[in-house]
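These notes concern the structure reproduced below.
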Ligand SMILES: Nc1ncnc2c1ncn2[C@@H]1O[C@H](COP(=O)(O)OP(=O)(O)O)[C@@H](O)[C@H]1O
Ligand SMILES: [Mg+2]
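Protein chains in written order, with my numbering: chain L, 4 to 224; chain Y, 209 to 289; chain D, 209 to 289; chain P, 16 to 715.
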């Protein structure tokens with residue numbers, strides 16, 4: 004299976020993500036430069052964490068307007084898998100691949116800690132190896148992790164069953180305790196926690212690894 | 209030419225920064241403050257030809273990048289220099 | 209009463225945000241933009257008695273909290289509602 | 016503006032054989048400032064041990080470098096950013112982090128971890144909360160954005176810092192040992208290239224400000240505050256690291272920190288025994304109307320000066336432009352040992368290199384032993400007992416600003432980016448793995464200012480000992496040191512005496528611990544309105560863990576484990592042999608796999624240490640019995656050095672005890688892990704939950 008990891012200016016988790024899919028999970032991985040439009044025939048595009056364009060103006064705003072995002076849009080339209088982690092999730096919202104927006108944490112501070120999450124859905128392409136209701140711990144590290152959507156939007160997210168991950172102990176004010184959502188079609192997933200930082204035993208936690216393995220399993224079939 | 213752009217959160221959108229500022233202002237003894245909303249103020253220098261053309265341009269910049277219209281509204285003025 | 213407060217970086221103070229926004233605007237094809245400065249726009253609702261009194265109050269809020277006067281300047285208007 | 020003394024000015028005139036013009040005088044002023052030329056400290060820093068079989072680069076470069084085997088090395092350094100952080104805490108701290116990161120990646124290393132050491136005024140001083148919030152947010156703001164984890168540090172409060180906080184930032188990076196880059200200019204005709212940000216008016220006179228005391232007039236002398244731009248620095252870092260891969264393209268490189276273009280151009284020329292011809296008009300400027308003086312002295316951040324191999328300019332340009340950075344060829348290397356600057360076709364300055372750099376003044380300033388400072392109460396005759404409710408005293412200590420949990424601080428630092436963090440804030444030392452060779456690096460920053468004030472020599476020795484002990488507690492072998500020496504006004508003979516004594520202490524201790532000092536920084540003039548800070552040397556020590564070794568943590572692991580104290584509760588002065596024996600025993604026991612936990616006893620004494628051991632995820636308690644004839648206060652709260660609390664499985668006890676050699680130290684069995692309370696003799700008996708709450712909620 005071939006992963007494409009986008010490098011926006013200011014991304015800083017691309018190497019971590021590359022390390023997990025390539026060195027730990029032994030998959031093919033390539034970097035995709037933000038100004039290119041060729042997705043190099045990858046099976047899954049990952050928008051990594053970081054501070055694209057410094058998160059100046061709004062988190063993810065400037066990266067969402069990068070040339071490569073047009074190719075990613077076409078790829079997603081064709082049903083291609085797109086995973087946005089942290090800043091990647093913010094970019095997916097800014098680019099309107101996913102509804103809502105991520106705003107400043109309620110306490111106005113950067114929050115770096117492990118959080119407990121509950122899996123709301125395991126019938127998605129990204130979470131099939133977990134169990135419904137399973138609780139996992141993953142690190143978060145962000146300033147704008149507070150998910151916001153208006154009432155109508157929230158109702159529709161719920162109706163369409165788009166909420167995949169929730170915080171059990173909301174750290175940042177996210178509406179509906181939302182930590183990760185999927186698009187209606189089910190091929191674009193964004194989450195604030197960092198599964199790539201929790202994919203190796205030596206780091207004290209590998210509960211995030213099943214996200215990548217779910218994707219890989221899918222492609223094997 | 210100069211554009212002065214004001215970006216504010218839409219009504220109803222929660223503004224944690226504004227709330228924190230309100231809290232601190234009260235704490236500092238400014239009792240009369242009732243509500244605070246924190247937005248952005250952006251100044252652009254442009255070498256536009258006409259005011260109208262510049263207006264169209266600036267609107268397009270706001271729509272495409274400067275504001276996230278899911279939660280923000282914007283307004284602007286163009287000043288000839 | 210309502211106060212509209214504009215907070216900008218002082219002249220000469222580097223504005224990385226403005227520079228980054230400028231870069232992206234150019235990438236998006238807005239060639240005419242020459243300079244961008246990003247500041248804050250704060251709206252306050254106050255139940256002030258007189259305009260003068262409110263003015264004094266708002267100035268004091270800017271000095272004490274709203275602006276970081278080491279690197280920022282501010283200006284404001286009071287609008288009676 | 017010149018900060019040269021009359022005598023220094025005469026020296027300049029003599030060296031040049033004429034009066035300097037305004038730009039030249041500006042150049043001399045910054046290059047001969049304390050901050051840049053170390054004129055008051057040089058003679059003492061010379062004594063430091065700087066070599067070992069592992070040292071690849073000692074002091075004198077942007078960072079020190081130590082060999083970690085398998086063809087890899089680590090580069091690390093600590094720097095102060097005290098004065099700017101006091102003026103504008105967020106930007107001051109942020110640009111401090113930016114500066115130290117540049118120091119590491121100019122050497123060719125990729126930064127993988129940062130730490131910081133912070134000193135604020137008294138908690139109840141009106142400016143303290145503002146400064147604390149700003150500094151912490153600034154450190155996080157810069158490091159988080161760069162994607163370099165901040166994995167440890169220290170934060171303490173004392174009224175001596177009310178008018179002069181300390182912000183010391185440390186970064187460590189990894190590089191191939193045969194790919195070290197240095198700040199050197201070589202090769203006549205090679206182009207001099209400025210990359211990164213544009214040059215603005217920010218920070219002019221920053222270096223001279225750092226060499227001046229604060230007073231009421233400082234306000235007006237303030238240089239334009241530098242605003243950090245971590246986004247540009249991130250791009251600059253990636254571009255430099257990519258450029259280093261172009262075989263032979265970069266001859267030398269140096270970051271532009273204090274004294275900006277002046278410092279980098281003169282220092283690089285001096286190191287290479289060459290000169291430079293600079294075209295100041297070619298420098299990309301942020302503002303219009305800048306003069307040669309302003310251009311040469313600007314401290315605009317996120318810039319680098321590099322010397323390329325002639326012919327490779329376009330290869331390099333491609334990389335920097337891909338990362339959307341400025342790339343300007345601003346001059347070339349010349350054989351004549353002079354730096355010349357042209358502006359609008361005219362010669363703006365023309366100075367011989369040597370007088371500006373190597374001939375900078377060196378002073379042996381007068382020293383004077385101060386009279387009695389305050390007396391430390393001896394633990395054997397404690398009289399002023401205010402309460403014998405030790406539960407309350409312990410709780411009070413645990414929730415005091417200096418001993419409480421600093422989680423409020425490190426929650427704001429990204430600790431896990433990079434996927435290398437094995438141990439972050441909360442443990443005795445931070446540990447990151449080196450993906451390249453499977454080993455791991457432990458790091459600790461420590462300062463003991465009060466001890467240094469009371470006895471600068473011993474205080475410095477104990478600072479080094481504590482740093483080493485922290486590393487040993489996580490299972491690492493100490494291999495090197497970087498330091499930041501924060502002192503008051505060196506023109507005050509008592510301060511100079513403190514400095515001299517501290518340097519003597521650091522020298523002796525680093526020799527004993529075999530941890531060469533490979534880099535560091537001196538910050539003098541930490542004086543506000545006549546009040547000097549305590550002498551505050553901060554030691555950043557780095558240690559090595561072998562392949563595949565999991566670091567030790569301070570927390571109890573399992574009910575029924577037994578607790579040993581290595582070292583003694585006593586009121587004896589510090590003793591090197593005892594310290595080395597304690598550390599040696601702990602490390603050996605760890606390496607043999609005998610330990611479940613290890614935690615050093617430092618501020619707050621044994622009771623605080625034991626409580627901290629209970630604050631692991633599983634909040635296990637302990638029952639402890641200590642009978643060594645001392646008063647309860649001395650046993651519970653005494654701060655005798657050279658002690659480590661360890662826990663082990665009962666079945667390992669025999670082997671552990673058998674490790675003791677030559678009787679310098681014999682560990683004492685003091686208790687057992689279990690329950691949800693901490694009990695010490697019949698003095699302390701309190702629930703872990705209550706102690707933990709007091710400890711964890713005190714700050715923030
Ligand atoms: N400014 C800071 N940044 C990051 N971590 C910090 C900071 N201040 C304190 N810490 C962390 O809090 C813990 C306790 O600090 P400290 O009491 O100074 O440790 P020790 O006494 O073992 O040297 C350490 O793990 C340290 O890394
Ligand atoms: Mg310790």
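Ideal Cβ placement from N, Cα and C applies to all residues, glycine included.
Evaluate contact between the region 100-117 of chain P and the region 266-281 of chain D, counting only Cβ atoms and requiring at least three cross-stretch pairs below 8 Å.
Taking 8 Å as the limit for Cβ pairs, the verdict is that the region 266-281 of chain D does touch the region 100-117 of chain P.
According to DSSP, residues forming a beta bridge with residue 614(P):
If you number the fourth chain from 1, residue 614(P) lands on position 599. DSSP lists 660(P) as partners of residue 614(P).
Note down the Cα distance separating residue 683(P) from residue 579(P), rounded to an integer number of angstroms.
The residue you call residue 683(P) lines up with position 668 of the fourth chain. The residue you call residue 579(P) lines up with position 564 of the fourth chain. Rounded to the nearest angstrom, the two C-alpha atoms are 5 Å apart.
Which full runs of the alpha helix (DSSP H) of 4+ residues lie inside the region 544-611 of chain P, going along the chain?
Listed in chain order, they are 591-606.
Closest by C-alpha distance to residue 271(P), when choosing among 698(P), 559(P) and 251(P)
Your numbering for residue 271(P) matches position 256 in the fourth chain. Residue 271(P) has its Cα closest to that of 251(P), out of 698(P), 559(P) and 251(P).
I'd like to check one pair, residue 79(L) with residue 100(L): are the Cβ atoms closer than 8 Å?
Locating residue 100(L) in the first chain gives position 97, where the first residue counts as 1. Locating residue 79(L) in the first chain gives position 76, where the first residue counts as 1. It is a contact, given that the beta carbons lie within the stated cut-off.
For the putative contact between residue 63(L) and residue 93(L), defined by C-beta atoms under 8 Å, what is the C-beta separation to the nearest angstrom?
As a first step, residue 63(L) is located in the first chain; it is residue number 60 there, counting from the start. As a first step, residue 93(L) is located in the first chain; it is residue number 90 there, counting from the start. Rounded, the Cβ-Cβ distance is 3 Å, consistent with contact.
Along the alpha helix (DSSP H) that carries residue 4(P), what are the first and last residues, could you check?
Residue 4(P) falls outside the range modelled here, since chain P spans only 16 to 715, and no answer is possible.
If you draw a straight line from the C-alpha of residue 646(P) to the C-alpha of residue 624(P), how long is it?
In the fourth chain, residue 646(P) corresponds to position 631, counting from 1. In the fourth chain, residue 624(P) corresponds to position 609, counting from 1. If you take the alpha carbons of residue 646(P) and residue 624(P), they lie about 18 Å apart.
Counting only Cβ-Cβ distances shorter than 7 Å, please list the residues of the region 239-263 of chain D near chain P, keeping chain order.
Residues passing the 7 Å Cβ filter: none.
Element boundaries [beta strand (DSSP E), containing residue 149(L)]
Along the first chain, read from residue 1 onward, the residue named residue 149(L) stands at position 146. Element bounds for residue 149(L): 149-151.
Residues of chain L with a CB under 9 Å from the CB of residue 419(P): which are they?
Position 404 of the fourth chain holds residue 419(P). Neighbours of residue 419(P) across chain L, judged by C-beta separation under 9 Å, do not exist; the nearest C-beta is about 18 Å away.
Could you tell me the boundaries of the alpha helix (DSSP H) in which residue 642(P) lies?
Position 627 of the fourth chain, counting from 1, holds the residue named residue 642(P). Per DSSP, residue 642(P) belongs to no alpha helix (DSSP H) and is neither H nor E.
Chain-ordered chain D contacts of residue 218(Y) [CB-CB under 9 Å]:
As a position in the second chain, residue 218(Y) is number 10, starting the count at 1. Near residue 218(Y) there are no residues of chain D at all, since even the closest Cβ is about 13 Å away, more than 9 Å.
Just to check my reading of the structure: residue 501(P) and residue 551(P) have Cβ atoms closer than 8 Å, yes? What is that Cβ distance to the nearest angstrom?
In the fourth chain, the residue the question calls residue 501(P) occupies position 486. In the fourth chain, the residue the question calls residue 551(P) occupies position 536. Rounded to the nearest angstrom, the Cβ distance from residue 501(P) to residue 551(P) is 4 Å, consistent with a contact under 8 Å.
Going by beta-carbon coordinates alone, are residue 536(P) and residue 95(P) separated by less than 8 Å?
By 1-based counting over the fourth chain, the position of residue 536(P) is 521. By 1-based counting over the fourth chain, the position of residue 95(P) is 80. In this structure, residue 95(P) lies closer than 8 Å to residue 536(P) by Cβ.
Where residue 35(P) falls, given that 16 or more other Cβ within 10 Å makes a residue buried
As a working note, residue 35(P) is residue 20 in the fourth chain. Buried.
From 259(Y), 270(Y) and 222(Y), pick the residue whose C-alpha is nearest to that of residue 210(Y); which is it?
In the second chain, the residue the question calls residue 210(Y) occupies position 2. Out of 259(Y), 270(Y) and 222(Y), 259(Y) has the C-alpha closest to the C-alpha of residue 210(Y).
Looking only at its chain, what residues have a beta carbon closer than 8 Å to the beta carbon of residue 235(P), apart from the 5 residues adjacent to it on each side?
By 1-based counting over the fourth chain, the position of residue 235(P) is 220. Bear in mind that the predicted position of residue 235(P) carries a pLDDT of just 46, short of 50, making it unreliable; the figure below should be weighed with that in mind. The beta carbon of residue 235(P) sits closer than 8 Å to none of the beta carbons in its chain outside the five residues before and after it.
Around the Cβ of residue 248(Y), are there at least 16 other Cβ atoms within 10 angstroms (buried) or fewer (exposed)?
By 1-based counting over the second chain, the position of residue 248(Y) is 40. Burial call: buried.
In terms of residue numbering, what span does the alpha helix (DSSP H) encompassing residue 234(Y) cover?
The residue you call residue 234(Y) lines up with position 26 of the second chain. 224-235 is the extent of the alpha helix (DSSP H) around residue 234(Y).
Between 353(P), 154(P), 344(P) and 179(P), which lies nearest to residue 549(P) when the distance is taken from Cα to Cα?
Indexing the fourth chain from 1 puts residue 549(P) at position 534. Nearest C-alpha to residue 549(P): 179(P).
Can you check whether the C-beta of residue 230(D) is within less than 8 Å of a C-beta belonging to chain L?
One-based indexing of the third chain puts residue 230(D) at position 22. Under the Cβ criterion of 8 Å, residue 230(D) is not counted among the residues facing chain L.
What three-state label does DSSP hand residue 179(L) in the structure shown?
Locating residue 179(L) in the first chain gives position 176, counting from the first residue. DSSP places residue 179(L) in helix when its eight states are reduced to three.
With 16 other Cβ atoms within 10 Å as the buried cut-off, status of residue 145(P):
Working through the fourth chain from its first residue, we reach residue 145(P) at position 130. By the neighbour-count criterion, in which a residue is buried when 16 or more other Cβ atoms sit within 10 angstroms of its Cβ, residue 145(P) is exposed.
So, is residue 33(P) buried or exposed, given that buried needs 16 or more other C-beta atoms within 10 angstroms?
Taking the first residue of the fourth chain as 1, we reach residue 33(P) at position 18. Only exposed fits residue 33(P), as fewer than 16 other CB atoms lie within 10 angstroms of its CB.
Residue 575(P) vs residue 638(P) beta-carbon contact at 8 Å
Sequence index remark: in the fourth chain, residue 575(P) carries index 560 (1-based). Sequence index remark: in the fourth chain, residue 638(P) carries index 623 (1-based). No, the Cβ-Cβ distance between residue 575(P) and residue 638(P) is not below 8 Å.
Mapping DSSP to helix, strand and coil, what is residue 236(P)?
Working through the fourth chain from its first residue, we reach residue 236(P) at position 221. In this prediction, residue 236(P) scores a pLDDT of 46, lower than 50, which makes its location untrustworthy; no coordinate-derived value is stated.
Is residue 57(L) helix, strand or coil when you go by DSSP?
Locating residue 57(L) in the first chain gives position 54, counting from the first residue. In the structure shown, residue 57(L) sits in a helix (DSSP, three-state: H, G or I).
Thinking C-beta only, is residue 492(P) closer than 8 Å to residue 602(P)?
Along the fourth chain, read from residue 1 onward, the residue named residue 602(P) stands at position 587. Along the fourth chain, read from residue 1 onward, the residue named residue 492(P) stands at position 477. Annotated as proximal: residue 602(P) and residue 492(P), with beta-carbon spacing under 8 Å.
Counterpart residues of residue 531(P) in DSSP-defined beta bridges:
Taking the fourth chain and counting its residues from 1, the one referred to as residue 531(P) is at position 516. Paired residues: none, contrary to the question.
Does chain D have any CB closer than 8 Å to the CB of residue 236(P)?
Numbered from its first residue, the fourth chain carries residue 236(P) at position 221. Because residue 236(P) carries a pLDDT of 46, less than 50, the predicted location of this residue cannot be relied on, and no value is offered for it.
Beta-carbon neighbours of residue 214(D), restricted to chain Y and to distances below 7 Å:
Stepping through the third chain from its first residue, residue 214(D) is reached at position 6. In chain order: 249.
Measuring only between beta-carbons, confirm whether residue 59(P) sits less than 8 Å from chain B.
The structure shown contains no chain B; the protein chains it does contain are L, Y, D and P.
In terms of residues, what are the limits of the beta strand (DSSP E) holding residue 36(L)?
As a first step, residue 36(L) must be located in the first chain, where it is residue number 33. That run of the beta strand (DSSP E) goes 31-36.
Whole angstroms are fine: how far does the CA of residue 613(P) sit from the CA of residue 490(P)?
As a position in the fourth chain, residue 490(P) is number 475, starting the count at 1. As a position in the fourth chain, residue 613(P) is number 598, starting the count at 1. A straight-line Cα-Cα distance of about 9 Å links residue 490(P) and residue 613(P).
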